[in-house]
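Here you go:
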């Protein structure tokens, strides 16, 4: 299925937002909503789904609108997770939150996405609300959460479903249940399997995301006091190329920001590669397609790899500690 030609195309979303740490906050808890504003998470998502009991969902919508409009979310991507389309809550979640706080909302997260049509439906509803309310059409992004086998099988179509899409997210708890995985610890390896049971799932999501220029985000690690365990699981996703991971507790925020940022050494090296390649391809540098940087030969492929690392470093607010000096003639 090709990308959906939505009215949202009149404006463009920001697919480059930092999302190293994506903090989950129950939308029904004013104290947690207040505390989240002071934490160093790149993204905060105010949850109307699993973190809200059915009887609390209606009130939570209004609590979230108030928090978005009157809280200080400076430096954070502001997201609301609505309920999935198989429930009767979804349309009212979207209408209440977007009509009430649309200008102060960056993205809507849609859980348990199973096919492209569910993303398209959300896109159309957002477009109608924006037009009705006089908001900028297409500015609010969509984050799609893959939480079952059907969603993973359809992830390519899902990732291409709307120009509003910014991220594809892995939801491990529901996914583990949907495929009958023999583990009760979310994110941990099931007993009896000697390799990484999540490798295929994570790579499948990553390929769909990257093929459509989207970010890929790993889901939660529920043992919130085991920061070492969190670092290990986050490191696995970061090594593959994921952009960030959910955090459920303030103690996980620092670990996520660190794991999904390049090291200072790697960031400096990436910036040096970019400077050296720009110089060697210039008139002053002899218009060469490749050059030596120390003992390393760099070329166009090196530049592309360095752009990834430098982009992550810049998004994380890192400052370089080295400077490129053209070789003496």
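Numbering (the working numbering), first residue to last: 2 to 330.
Cβ coordinates follow ideal geometry from the N, Cα and C atoms, glycine included.
query	result
Span of the alpha helix (DSSP H) around residue 158	156-160
Buried or exposed (CB count within 10 angstroms, at least 16 for buried), residue 180	exposed
First and last residue of the uninterrupted alpha helix (DSSP H) at residue 319	Premise fails: residue 319 is in no alpha helix (DSSP H) and is neither H nor E.
Three-pair Cβ contact test at 8 Å for the region 138-148 versus the region 101-118	yes
Limits of the alpha helix (DSSP H) - the one that residue 48 falls within	Element bounds for residue 48: not the alpha helix (DSSP H) but the beta strand (DSSP E), 44-48.
For residue 23, the residue or residues it bridges with in DSSP	44, 247
Closest by C-alpha distance to residue 277, when choosing among 303, 19, 48	303
For residue 292, three-class secondary structure by DSSP	strand
Start-to-end residues for the alpha helix (DSSP H) that takes in residue 148	Element bounds for residue 148: n/a, residue is neither H nor E.
Distance, residue 45 Cα to residue 156 Cα	24 Å
Distance between beta carbons of residue 49 and residue 85, contact taken as under 8 Å	Not confirmed; about 11 Å, so no contact.
Residue from 263, 326, 226, 328 whose Cα sits closest to the Cα of residue 306	263
Rounded distance between the beta-carbons of residue 223 and residue 172, thought under 8 Å	That pair is no contact at about 12 Å.
Straight-line gap, residue 288 to residue 191 (C-alpha atoms, nearest Å)	54 Å
Residue environment, residue 199, which counts as buried when at least 16 other CB atoms sit within 10 Å	buried
Cα-Cα separation between residue 323 and residue 310, rounded to whole angstroms	15 Å
Proximal residues to residue 337 (C-beta, below 8 Å), its chain only, five neighbours per side dropped	Residue coverage of the chain in this structure runs from 2 to 330, which leaves residue 337 outside it and unanswerable.
C-beta atoms of residue 163 and residue 121 nearer than 8 Å	yes
For residue 240, the nearest candidate out of 52, 62, 204 (CA to CA)	204
Contact under 8 Å by Cβ, residue 209 with residue 285	no
CA nearest to the CA of residue 126, picked from 102, 115, 139, 116	139
Length of the line joining the Cα atoms of residue 133 and residue 104	13 Å
Coil, strand or helix - residue 60 by DSSP	helix
Simplified DSSP assignment, three categories, for residue 198	coil
CA nearest to the CA of residue 252, picked from 22, 326, 271, 298	22
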